[in-house]
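Heads up: the structure comes next, in structure tokens.
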Amino acid sequence: MSENLRGAEILCRALADEGVEYVFGYPGGAVLHIYDEVFKQDGFKHVLVRHEQGATHAADGYARATGKPGVVLVTSGPGATNCVTGIATAYMDSIPMVVFTGQVSTALIGNDAFQEVDCIGITRPCVKHNFLVERVEDLAVTIKKAFYVASSGRPGPVVVDIPKDVTANVTEYHYPESVDMRSYKPTTKGHPGQIKKALQLIENARKPMIYSGGGVILDGASEQLTEFGRLLGYPITNTLMGLGAFPGTDPQFVGMLGMHGTYEANMAMHHCDVLVAIGARFDDRVTGDLGKFCPDAKIVHIDIDPSSISKNVPVDVPIVGSVGNVLTELNRLLRADDFKAVDRADDPWWQQINEWRRLDCLKYDTDSEFIKPQGVIESMYRVTNGDAFVTSDVGQHQMWAAQYYKFDKPRRWINSGGLGTMGFGLPAAMGVQFAHPDSTVACVTGEASLVMCIQELSTCLQYDLPIKMISLNNRYMGMVRQWQEFFYESRYSHSYMDALPDFVKLAESFGHVGMRIEKPGDVDDALAEAFAMKDRLVLMDFVTDQRENVYPMIAAGKGQHEMHLAGDDRELA
Amino acid sequence: MSERHTIAILLENEAGALSRVAGLFSARAYNIESLSVAPTEDPTVSRLTLVTSGSPEIIEQITKQLNKLVDVIRLVDLNEGRSIERELMLIKVRAAGGEQREEIKRLIDIFGGRVVDVTESTYTVELIGDGDKLNAFIETVSPKRILEVVRSGVLGILRGTKAMRA
Numbered sequence: 041m042s043e044n045l046r047g048a049e050i051l052c053r054a055l056a057d058e059g060v061e062y063v064f065g066y067p068g069g070a071v072l073h074i075y076d077e078v079f080k081q082d083g084f085k086h087v088l089v090r091h092e093q094g095a096t097h098a099a100d101g102y103a104r105a106t107g108k109p110g111v112v113l114v115t116s117g118p119g120a121t122n123c124v125t126g127i128a129t130a131y132m133d134s135i136p137m138v139v140f141t142g143q144v145s146t147a148l149i150g151n152d153a154f155q156e157v158d159c160i161g162i163t164r165p166c167v168k169h170n171f172l173v174e175r176v177e178d179l180a181v182t183i184k185k186a187f188y189v190a191s192s193g194r195p196g197p198v199v200v201d202i203p204k205d206v207t208a209n210v211t212e213y214h215y216p217e218s219v220d221m222r223s224y225k226p227t228t229k230g231h232p233g234q235i236k237k238a239l240q241l242i243e244n245a246r247k248p249m250i251y252s253g254g255g256v257i258l259d260g261a262s263e264q265l266t267e268f269g270r271l272l273g274y275p276i277t278n279t280l281m282g283l284g285a286f287p288g289t290d291p292q293f294v295g296m297l298g299m300h301g302t303y304e305a306n307m308a309m310h311h312c313d314v315l316v317a318i319g320a321r322f323d324d325r326v327t328g329d330l331g332k333f334c335p336d337a338k339i340v341h342i343d344i345d346p347s348s349i350s351k352n353v354p355v356d357v358p359i360v361g362s363v364g365n366v367l368t369e370l371n372r373l374l375r376a377d378d379f380k381a382v383d384r385a386d387d388p389w390w391q392q393i394n395e396w397r398r399l400d401c402l403k404y405d406t407d408s409e410f411i412k413p414q415g416v417i418e419s420m421y422r423v424t425n426g427d428a429f430v431t432s433d434v435g436q437h438q439m440w441a442a443q444y445y446k447f448d449k450p451r452r453w454i455n456s457g458g459l460g461t462m463g464f465g466l467p468a469a470m471g472v473q474f475a476h477p478d479s480t481v482a483c484v485t486g487e488a489s490l491v492m493c494i495q496e497l498s499t500c501l502q503y504d505l506p507i508k509m510i511s512l513n514n515r516y517m518g519m520v521r522q523w524q525e526f527f528y529e530s531r532y533s534h535s536y537m538d539a540l541p542d543f544v545k546l547a548e549s550f551g552h553v554g555m556r557i558e559k560p561g562d563v564d565d566a567l568a569e570a571f572a573m574k575d576r577l578v579l580m581d582f583v584t585d586q587r588e589n590v591y592p593m594i595a596a597g598k599g600q601h602e603m604h605l606a607g608d609d610r611e612l613a
Numbered sequence: 052m053s054e055r056h057t058i059a060i061l062l063e064n065e066a067g068a069l070s071r072v073a074g075l076f077s078a079r080a081y082n083i084e085s086l087s088v089a090p091t092e093d094p095t096v097s098r099l100t101l102v103t104s105g106s107p108e109i110i111e112q113i114t115k116q117l118n119k120l121v122d123v124i125r126l127v128d129l130n131e132g133r134s135i136e137r138e139l140m141l142i143k144v145r146a147a148g149g150e151q152r153e154e155i156k157r158l159i160d161i162f163g164g165r166v167v168d169v170t171e172s173t174y175t176v177e178l179i180g181d182g183d184k185l186n187a188f189i190e191t192v193s194p195k196r197i198l199e200v201v202r203s204g205v206l207g208i209l210r211g212t213k214a215m216r217a
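Chains A and B supply the protein sequences, listed in that same order. All residue numbers for the first sequence refer to my numbering, where the first residue is 41 and numbers rise by one. All residue numbers for the second sequence refer to my numbering, where the first residue is 52 and numbers rise by one.
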């Protein structure tokens, strides 16, 4: 039986019918009808953030931790523009998200009305798709389309812009079970001929390398990837976005690759003869100089997005399809062929890799009088038994977290890889904590990133989110400082964080627990104490070595084999 | 090596669909030489013909990125088969005095154009053809005589029985 409902009510009913658990939002004039219905309903829970950017990052964190689309509701004008950074962040990392923005009434659109912006125009380059709903009759089906587009194929954010009069108008409510769009049909099954060709290359490789990215996590294909790796016995590296897709503690895992990847991962990439790229996009932070990238390798590339294939690096065997489907098929064929996994003990390629490994590229000074940021991450790994959800902001601390926390499971490592958005970590951690209320959620941050969305500490208090904030405070924008040291003769132009707040008092003023840790000997106990406070948010201000840099490093314009290591005197520039 | 490609696109006839196509070209720094768009016999579908240029790798990316747009229903790179291209030009030229008018009229006849509007001192000419033919006409008429030029941009269709439908 269908009923006649106002647009605002249709939106709330549709979200409940879509199975939405949480909506992250902030009210305002254009969405007052909607918020009135939010007040009356109990189909989903609304989370009041303190800034619309926080809403998008929280929804994004929720999506990354669950695989379900994150949902945002904000008003027109500044509500919508404040979302743009969060939408672009989700877009760059292919995160499913549906953002509902209020809009001025249809009669006012184009009149420079109060709180009017061309939301469709502003967001167009950073969404997978966007919709302006001009008639209430189109609202329910548009919402269905938005969720379908956001979460299928290569996922991404979708914006639905709803004028105020549409939320007041009445129509019959019917939420479709599914939608069929003639212009949108993502390919999911890989071409059997291409899969056979790939298999041939893979089985006959002498120096193989598996390079997997965020696509494996997005598709929920970690199990298939792990089986694929084990059936072959080949070395595996993950991108920053792919960490946790293959167990980080597995001996076949050679660490992250790219600009701050491990020596063994990057050297194995450079010297491999067959590269199997799975749900990864040959990002410039991975490839380094394209002219020097994997010079001897035949490349197989599995990706659901045809435009990712041969975009930066020409590929020998492209397979368009969902990585889960394609890996399942490859695994079936490997078993049918009775393929014998490589024996790491007497395989020359593994011997070479182990030789690179012995360099121990992530070693650092453990006797320093200062707190070493790497040591904080290692201690946190021990205290949380490697089982936390870890979000991060952007910069040095992000790289250290990626290097030193070994992720054994997917959706545990949550960071802004593509856009590199400072301010992401805290609101993203809120979304993760909502998704997993009983799990340990940590946010690794720095004193510069932290203050970019610091207002969300209020949201954390309101909803009792016991997030553990690990701030590696070196009184610098560390990654900027590192580049200035290497490439600008140590002219630290505006990378110095002067006039910092007292973070302990700051945490306390927001109703949380603050801790300041200044000595290396106090790190372990402080972390143990903080993580034992199961029902409190703890902001830990670690005063770390100001001069520490992230190594290894591949400088811009260098090849993957031209890494700069800690204590290395070679010229970088 | 830069190649010129003509790409035919069937697009959902919805507000903003065209700006997605145009925005893609500016956002990714692709060339766009001409673009023409109008609804088809099915009012929910627009047909768009786009002329672009780039290396084979860039052209491949352009077609992939266009296909990725949610509003794009179907796309054909007309360079991949045999195709027909046509462009319409309306050109207003100065034609004052008997001798000048005669000379212009002869030129129009040679090019197979039509005079669609006449005044005492001007002809407005309609000319249909591929881009080269229209260019040749413009080059042949003395620049001093050209008052106004308007071109439709290229329209393209595949030869043979194959049809591009939504």
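Every residue, glycine too, gets a C-beta built ideally from N, C-alpha and C. Just so you know, these numbers come straight off a predicted model, no measurement behind them.
What residues are listed by DSSP as bridge partners for A/M580?
-> A/I510, A/M555
Could you spell out where the beta strand (DSSP E) holding A/C159 opens and where it closes?
-> Run containing A/C159: none in the beta strand (DSSP E); it sits in the alpha helix (DSSP H), 159–163.
Does the Cβ-Cβ distance between A/V578 and A/K508 come in under 8 Å?
-> Yes, the Cβ-Cβ distance between A/V578 and A/K508 is below 8 Å.
Have a look at A/V544 and A/R576 and give me their C-alpha separation to the nearest angstrom.
-> Separation of A/V544 and A/R576 (C-alpha to C-alpha, rounded to the nearest whole angstrom) is 14 Å.
Member of A/V200, A/N514, A/E602 whose CA lies at the smallest distance from the CA of A/G331 = A/E602
Just the Cα atoms here: how many angstroms apart are A/G260 and A/V112?
-> 23 Å
From the beta carbon of A/I344, is the nearest beta carbon of chain B less than 8 Å away?
-> No, no contact with chain B.
Would A/R521 pass as a contact of A/E487 if the rule is Cβ separation under 8 Å?
-> no
Using a cut-off of 9 Å between C-beta atoms, extract the partners of B/R70 located in chain A.
-> Looking at the sequence itself, residue 70 of chain B is Ser, so the reference to Arg does not match. Going along chain A in sequence order, the residues near B/S70 (Cβ under 9 Å) are I160, G161, R164.
Cα separation between A/C312 and A/I393?
-> 11 Å
So what's A/M603 in DSSP terms, helix, strand or just coil?
-> For A/M603, the three-state secondary structure derived from DSSP is coil.
Verify whether the separation of the beta carbon atoms of A/V353 and A/I359 is less than 8 Å.
-> no
Starting from the C-beta of A/A147, find all residues in its chain whose C-beta is less than 8 Å away, skip the five residues before and the five after it, and write them out in chain order.
-> D205
Within the 8 Å Cβ cut-off, does A/V189 reach chain B?
-> yes
Could you tell me which chain B residues have their CB closer than 9 Å to the CB of A/L501, listed as they occur along the chain?
-> Per Cβ cutoff of 9 Å: no residues; A/L501 is ~40 Å from chain B at best.
For B/T212, count neighbouring Cβ atoms within 10 angstroms of its own Cβ and tell me buried if that reaches 16, exposed if not.
-> exposed
Does the beta carbon of A/H310 come closer than 8 Å to any beta carbon on chain B?
-> no
Taking the C-alpha atoms as reference points, what is the distance between A/F474 and A/W390?
-> 42 Å
B/T57 beta carbon less than 8 Å from that of B/N130 = yes
Close beta carbons around A/W440, own chain, < 6 Å, minus the five adjacent residues each side | P413, Q414, I417
Cβ of B/R216 within 8 Å of any chain A Cβ = no
Contact set for A/E328: own chain, Cβ-Cβ below 6 Å, skip 5 residues either direction = Per the sequence shown, the amino acid found at residue 328 of chain A is Gly instead of Glu. Result list for A/G328: I594, K598, G599, Q600, in chain order.
Taking only runs that begin and end inside the stretch 259–293 of chain A, name each unbroken beta strand (DSSP E) of 3 or more residues, in chain order.
-> 276–278
Residues sharing a beta bridge with B/E177, DSSP = B/L141, B/R165
Kindly indicate which residue of A/S347, A/Y66, A/A308, A/D324 has the alpha-carbon position closest to the one of A/C334.
-> A/A308
Cβ separation of A/A317 and A/I339, assumed to be a contact under 8 Å, to the nearest whole Å | 6 Å
Interface flag, B/V123 vs chain A, CB-CB below 8 Å = yes
Taking C-beta pairs closer than 9 Å, name the residues in chain B that A/L172 reaches, listed in chain order.
-> A66, G67
Buried or exposed: which applies to A/A613, given that a residue is buried once 16 or more other Cβ atoms fall within 10 Å of its Cβ?
-> Any reading at A/A613 needs caution, since the residue's pLDDT is 46, under 50, leaving its predicted position unreliable; the model's value is listed next. It is exposed - the Cβ of A/A613 has fewer than 16 other Cβ atoms within 10 Å.
Listing by chain order, which chain A residues have their CB less than 7 Å from the CB of B/A78?
-> P165
Below-8 Å beta-carbon distance, A/Y131 vs any chain B residue | Chain B contact via Cβ: absent.
Beta-carbon of B/Q232 versus every beta-carbon of chain A: anything under 8 Å?
-> Chain B is shown from 52 up to 217; residue 232 of chain B falls before or after that span and cannot be answered.
Chain-ordered neighbours of B/Q151 on chain A, where CB pairs are closer than 8 Å | Result: empty, since nearest Cβ-Cβ is about 48 Å, beyond 8 Å.
Alpha-carbon to alpha-carbon, A/I276 and A/G284 | Going by the C-alpha atoms only, they are around 12 Å apart.
Thinking C-beta only, is A/I557 closer than 8 Å to A/F582?
-> Between A/F582 and A/I557, the C-beta spacing is below 8 Å.
Quick one: what's got a C-beta closer than 8 Å to A/L179's C-beta in the same chain, skipping five residues either side?
-> G47, I50, L51, A54, V173, I202, V206, T211
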